[in-house]
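Residue numbers (the UniProt record's numbering): 1 to 153.
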């Protein structure tokens with residue numbers, strides 16, 4: 001990890017996290033036309049369920065390619081976000097989304113148990129994402145129901 005050189009406010013960290021989410025909605029391209037990877041520190045870590053932990057921009061790029069390659073579209077619902085700030089470099093964002101996976105569409109709340117609700121835990125320092133742990137159900141199209149008795153019927 002690099003030494004901290006710039007003090008950031010919670011709103012500034014929130015703006016970096018928002019730019020990251022908007023880049024996903026825009027196929028991995030930031031509002032300035034750059035790559036989503038530009039938002040990450042060189043030694044950043046990202047966790048995604050069923051993929052694991054990616055360390056460094058090269059592995060993060062592979063993870064985003066693997067996961068993003070299964071998505072036709074995604075839209076985050078920015079007006080419904082809940083933000084939690086720790087008073088340090090940590091920012092938590094809870095939200096909903098809709099879109100289309102290669103296996104079919106999803107929308108948070110339709111049905112209530114299906115994908116679309118998520119929570120991301122960020123560590124943001126010096127205008128770069130140092131860590132982003134993504135918590136969601138990666139079964140976007142809701143196909144994995146047979147293993148859950150309450151969904152099988």
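Note that beta-carbon positions come from the ideal geometry of N, C-alpha and C, so glycine has one too.
Looking at the backbone, the Cα of residue 69 and that of residue 121 are separated by about 23 Å. Residue 117 has its alpha-carbon roughly 18 Å from the corresponding atom of residue 148. For residue 150, the uninterrupted alpha helix (DSSP H) run begins and ends at 149 to 152, by DSSP. Between residue 124 and residue 91 the beta-carbon gap is near 6 Å, inside 8 Å, which marks them as a contact. Counting only residues of its own chain and dropping the five nearest sequence neighbours on each side, residue 42 has a CB closer than 7 Å to the CB of 56, 57. Residue 39 carries a helical assignment under DSSP once its states are collapsed to helix, strand and coil. In this structure, DSSP gives residue 18 a helical state, which the three-state scheme calls helix. Residue 130: member of the beta strand (DSSP E) spanning 128 to 136, first to last residue. One Cα belongs to residue 10, the other to residue 127, and the distance between them is close to 11 Å.
Nearest in C-alpha terms to residue 78, of all of 87, 97, 23, is 97. Note: residue 47 is bridge-paired with 53, 133 in the DSSP secondary-structure output.
Beyond the five residues adjoining it in sequence on each side, residue 51 comes within less than 6 Å, by CB distance, of 63 in the same chain, given in chain order.
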